[in-house]
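In UniProt numbering, the protein residues as written are 1 to 191. Don't be surprised by glycine CBs; every beta carbon is placed ideally from N, CA and C.
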Amino acid sequence: MFLVRRIVAVIVLIAFLSAVFGIIWGIAQGVEGINRWIHRGDINAISRQAAPSPRQVSGVSDCSAEDISLELKATPTTVGVGGTVHFTATIAHSGSDNCLINASNASRVLTISSGSQTIWKSDVCPVSTRMLLLSNSDSDIQSIAWNTNATGSACQSDSNLLKVNAGTYQAQLSMKDDSKLTSNQVTIAVQ
């Protein structure tokens, strides 16, 4: 009888330990499942890093100051405070070989200045790259509007920018990657 009791006690103990182990394992699996459900967005999240610069795969070289020239025209050249000046920015190819150029407002920069102070720049707000293949006597003509306001160091909508005071301002195009490549200066009078 004593032996039967011990065998029953061992069987009950094994059943109890199996039940405790099963409960602990079930809780762990439940916690893992809940954690996966909570972080399900992180598993499929897209990385928001800047795209790497494209590597050059063609034999066409980038345009330099020897290949292109910049020209700037403005209409009107006299405007009231709060008015708008429309610029025509021209990139003209004059080289003998084809070349590539980024003709976006972030690369071909229009700068408005007063004396040594920079008032407005076209590259403050991010824009998409605009790569062009220029050959022979190709030219690219783009319009840029200046609403007689002053940009800061961060991109803002025109309605949040301060209007400039009456005065004389200088406008000039330049290529961000080639400081030697600039256009003629255009004088703008804001009255």
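| query | result |
| --- | --- |
| List the endpoints of the continuous beta strand (DSSP E) containing N102. | C99 to N102 |
| Would you report the Cα separation of W25 and M1, rounded to the nearest angstrom? | 36 Å |
| Give the secondary structure of Q191 by DSSP, where H, G and I count as helix, E and B as strand, and everything else as coil. | coil |
| Tell me the DSSP bridge mates of F16? | Paired residues: none, contrary to the question. |
| Considering T90, what are the terminal residues of the beta strand (DSSP E) in which it resides? | V85 to H93 |
| Leaving out the 5 sequence neighbours to the left and right, which residues in its chain are closer than 6 Å to N147 when beta-carbon positions are compared? | T84 and D158 |
| Measure the CB-CB distance between I91 and A171 and report whether it falls below 9 Å. | no |
| As a quick exercise: from I144, T78 and D177, pick the residue whose alpha carbon is nearest that of L72. | I144 |
| Only counting the same chain, and skipping five residues up and downstream in sequence, which positions put a Cβ closer than 8 Å to that of E66? | G95 |
| Counting along the chain, where does the beta strand (DSSP E) carrying L72 start and finish? | I68 to T75 |
| Less than 9 Å between the beta carbons of residue 193 and V164, yes or no? | Outside the shown range of the chain, which is 1 to 191, sits residue 193, and nothing can be said about it. |
| Smallest Cα separation from N184: which of V81, K121 and S69? | S69 |
| In angstroms with no decimal places, state the Cα-to-Cα distance between S137 and S128. | 25 Å |
| Where DSSP assigns a beta bridge to N149, which residues make up the other side? | K163 |
| For A145, verify whether its CB is less than 8 Å away from any heavy atom of the ligand COA. | For the ligand COA, the structure offers nothing, since it holds no ligand at all. |
| Please check the pair L162 and R108, which I expect to be a contact at CB under 8 Å, by giving their CB distance rounded to whole angstroms. | The pair is not a contact, with the Cβ atoms about 25 Å apart (cut-off 8 Å). |
| If we ignore side chains and look at the alpha-carbon of each, how far apart do D97 and D123 end up? | 28 Å |
| For my contact list, S139 and H93 are in at a C-beta cut-off of 8 Å; report their separation, rounded to the angstrom. | 7 Å |
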